[in-house]
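Everything on this sheet refers to the single structure shown next.
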Amino acid sequence: MGLWMATALVVGNMVGSGVFLLPSSLAATAGPMSILAWIFTGAGAMLLALVFANLGRAFPRTGGPYAYARRAFGDFIGFQTAWGYWIAVWAGNAAIAVAFVGYLAVFWPALGDHNLLAALVGIAAIWLLTLANILGAREGGAVQVATTVLKFVPLAIIGIIGLFFIKGGNYTPFAPHGHSLSLFSTTAALTLWAFIGLESATVPAEEVRDPEKTIPRATMLGTGLTAMLYLLATVAIMGVLPTGELANSTSPFADAAGSIFGGGWGKVVAAIAMVSSFGALNGWILLQGRVPLAAAEDGLFPKRFANVHGKRRTPVFGLVVSSILVTVLMLMNYTKGLVDQFNFIILLATLTTLVPYAYSAAAQVYLAIKEPDQFRGRRFARDSVIALLAFAYSVWAIAGSGQEIIAKGFVLLMAGIPVYLFLVWRRDKDQGDDAPAEVGVIADLPQAVAAADVEPTVTRGEVTA
1 MGLWMATALV VGNMVGSGVF LLPSSLAATA GPMSILAWIF TGAGAMLLAL
51 VFANLGRAFP RTGGPYAYAR RAFGDFIGFQ TAWGYWIAVW AGNAAIAVAF
101 VGYLAVFWPA LGDHNLLAAL VGIAAIWLLT LANILGAREG GAVQVATTVL
151 KFVPLAIIGI IGLFFIKGGN YTPFAPHGHS LSLFSTTAAL TLWAFIGLES
201 ATVPAEEVRD PEKTIPRATM LGTGLTAMLY LLATVAIMGV LPTGELANST
251 SPFADAAGSI FGGGWGKVVA AIAMVSSFGA LNGWILLQGR VPLAAAEDGL
301 FPKRFANVHG KRRTPVFGLV VSSILVTVLM LMNYTKGLVD QFNFIILLAT
351 LTTLVPYAYS AAAQVYLAIK EPDQFRGRRF ARDSVIALLA FAYSVWAIAG
401 SGQEIIAKGF VLLMAGIPVY LFLVWRRDKD QGDDAPAEVG VIADLPQAVA
451 AADVEPTVTR GEVTA
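Here the sequence shown stands for residues 1 to 465, where the numbers follow this note's numbering.
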């Protein structure tokens, strides 16, 4: 993947299905004040992007957050990062697939009435994109470029043209629900979900052309473009539609487009949202085999995940197993009584992406001290401050997730410990099985010398008998 494919991966994985409803959620939660939350969250996302840009330049290895956490803090933290991030990816893919089917139902109404049909269509989309990524990262990247352009350009057009239709009165009152810190934190937490995926270019690092330059450029460019798009669209939509109307809207972009251009824009925006969801699903499927691949190569995931095929080293086993798990979650989502559990799993999966962010920020500071040659020495102080701020931001975001989600997320991470213990035991056992042959030669040397009744002679470091 070159610069544009890697950038499309970053943008496409961030701009998914949620952004199409966020203006309504933010209007209902905090009103126009939520624009400040976008600015704050965008600044935090850029701090994290700088961290991943620096780490991607210094250590361009497949695995992204996992590779950095393990290099800095060892096997256990590395495994925790891989475990949580992998679960977050494939569980999140099930949610994106559900959103894709929901938007497709606008054009195919039967999907809204037949749960099994909807599930099968979502599963078909998952396996179609899995096949595209099995062919190789470049094929998956080509799909990503096309879908990113198809969703980014229309949203940007609505945002830019919307600026000319803003009514100043729609921004008043600026904070209809007050100015409390807790309200601001809640609003900022909502906007944070839209930036999950900014690290995407670092995960398939060994499939990126000239990774030392491409990864940092794609990470910064992708995050910056996405932050500008979000802020532009929110400012425009909140200026075009009154806060009360926007808060009750089920399709804020369609309503804003209708107000600007006139006529019904529901199907047009639904088509854009469908493409957006499809593109995000493709990008995250590309990643779902790469993190376990890196961990398996280090003996911290089952060996089969390290299997790669073809000249492009595609982790087919990891892609297939992950998509099987996504399929199971899709079927769970369409089974009565399990929908709430499914939604809760998605919330936990989102939380587990914040933990690798915190580990990665801390890893940059530690690795800059431990391996200064890998970084630009003149920028040590500046980069360390940025990394510490990014770490603080990640911890703040985790705290803002709520006590229940944090507690359940902790349990989810702890559930991986038995898996870690088994994998480390097996890895050490395999290494131990190879050791006796070498040790035996050394151990038997004195007996062999004695049996030959010859005194050993040491000459220039060599042992002869």
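Note that CB positions come from ideal geometry on N, CA and C, so glycine has one too.
Keep in mind it's a predicted model, so treat the numbers as computed, not measured.
Just the Cα atoms here: how many angstroms apart are residue i and residue j?
i      : j      : result
ILE35  : HIS309 : 47 Å
VAL439 : LEU192 : Unreliable placement is indicated for VAL439, whose pLDDT of 40 sits below 50; no coordinate value is reported for it.
GLY409 : GLY416 : 11 Å
VAL424 : ARG71  : 16 Å
ALA175 : THR41  : 18 Å
VAL316 : HIS179 : 50 Å
ALA294 : ALA99  : 30 Å
ASP430 : SER322 : 26 Å
VAL441 : ASP428 : Low per-residue confidence applies at VAL441: pLDDT is 38, beneath 50, and the placement is therefore not dependable enough to give any value.
PHE59  : TYR68  : 8 Å
TRP4   : LEU155 : 19 Å
ALA247 : PRO32  : 11 Å
GLY44  : ASP113 : 41 Å
PHE164 : ASN170 : 14 Å
THR234 : LYS167 : 14 Å
GLN364 : PHE380 : 10 Å
MET1   : LEU198 : 17 Å
LEU116 : LEU325 : 17 Å
ALA435 : PRO302 : Annotation note: pLDDT 49 at ALA435 (below 50); position unreliable, coordinate value reported separately. C-alpha separation (whole angstroms): 22 Å.
LEU120 : GLY279 : 19 Å
LEU128 : SER182 : 43 Å
ALA110 : ILE369 : 59 Å
ILE196 : THR172 : 30 Å
HIS177 : PRO418 : 46 Å
Verify whether the separation of the beta carbon atoms of residue i and residue j is less than 9 Å.
i      : j      : result
ALA387 : ASN282 : no
ALA227 : MET46  : yes
ALA201 : GLY222 : yes
ALA37  : ALA188 : yes
LEU300 : PHE79  : yes
VAL203 : LEU287 : yes
GLY536 : THR148 : The question about residue 536 has no answer here: the residues shown for the chain are numbered 1 through 465.
ASN54  : ASP373 : no
ALA97  : GLY122 : yes
GLY162 : GLY244 : no
THR186 : ALA392 : no
ALA390 : PHE73  : no
TYR357 : LEU48  : yes
ALA399 : ILE406 : yes
ALA91  : LEU329 : yes
ALA469 : THR7   : Since the displayed the chain opens at 1 and closes at 465, residue 469 lies outside it and no answer follows.
ARG426 : PRO216 : no
ILE160 : LEU232 : yes
How many whole angstroms separate the CB atoms of residue i and residue j, which I take to be in contact at a CB cut-off of 8 Å?
i      : j      : result
PRO490 : GLY318 : Coverage of the chain is limited to positions 1 through 465, which leaves residue 490 absent and any answer about it impossible.
VAL106 : ALA270 : 4 Å
GLY16  : SER276 : 6 Å
ILE237 : PHE261 : The Cβ separation is near 14 Å, so there is no contact.
THR327 : ILE87  : Going by Cβ atoms, the distance from THR327 to ILE87 rounds to 15 Å, so no, they are not a contact pair.
SER24  : SER249 : 5 Å
Taking the alpha helix (DSSP H) that residue i falls in, what are its first and last residues?
i      : result
LEU198 : Segment: none, LEU198 is in no alpha helix (DSSP H) and carries neither H nor E.
GLU207 : Careful: GLU207 lies outside any alpha helix (DSSP H) and carries neither H nor E.
TYR103 : 75 to 104
PRO292 : 290 to 297
ALA8   : 3 to 14
SER249 : Per DSSP, SER249 belongs to no alpha helix (DSSP H) and is neither H nor E.
TRP127 : 115 to 134
LEU241 : Counting along the chain, LEU241 falls outside any alpha helix (DSSP H), and DSSP gives it neither H nor E.
ASN54  : 34 to 58
VAL203 : Run containing VAL203: none; DSSP gives neither H nor E here.
GLN403 : 403 to 414
SER180 : Looking at the DSSP string, SER180 is not in any alpha helix (DSSP H), and its letter there is neither H nor E.
TRP476 : Because the chain in this structure spans residues 1 to 465, residue 476 falls outside the shown range and cannot be described.
PRO23  : 22 to 29
Strictly under 9 Å for the Cβ-Cβ distance: is residue i near chain C by that measure?
i     : result
ARG71 : Among the chains in the structure shown there is no chain C, since it carries only a single protein chain.
Considering only C-alpha positions, which residue in the set the options is nearest to residue i?
i      : options                           : result
PRO471 : PHE20, ALA27 and VAL19            : Since the first residue shown for the chain is 1 and the last is 465, residue 471 is missing from the structure and cannot be characterised.
ARG61  : ARG304, ILE196 and ASP210         : ASP210
ILE134 : THR314, LEU232 and ALA82          : THR314
MET274 : HIS177, LYS151 and SER249         : LYS151
THR350 : PHE375, GLY84 and GLN403          : GLY84
ALA124 : ALA368, TYR171 and ALA94          : ALA94
TYR359 : THR81, GLY44 and GLY56            : THR81
LEU229 : ARG304, PHE305, LYS370 and ILE157 : ILE157
GLY402 : PHE305, LEU190 and ILE215         : LEU190
GLY141 : ILE285, LEU225, VAL355 and SER259 : ILE285
LEU354 : LEU22, ILE39, GLY266 and VAL89    : VAL89
LEU21  : VAL419, MET332, SER251 and PHE76  : SER251
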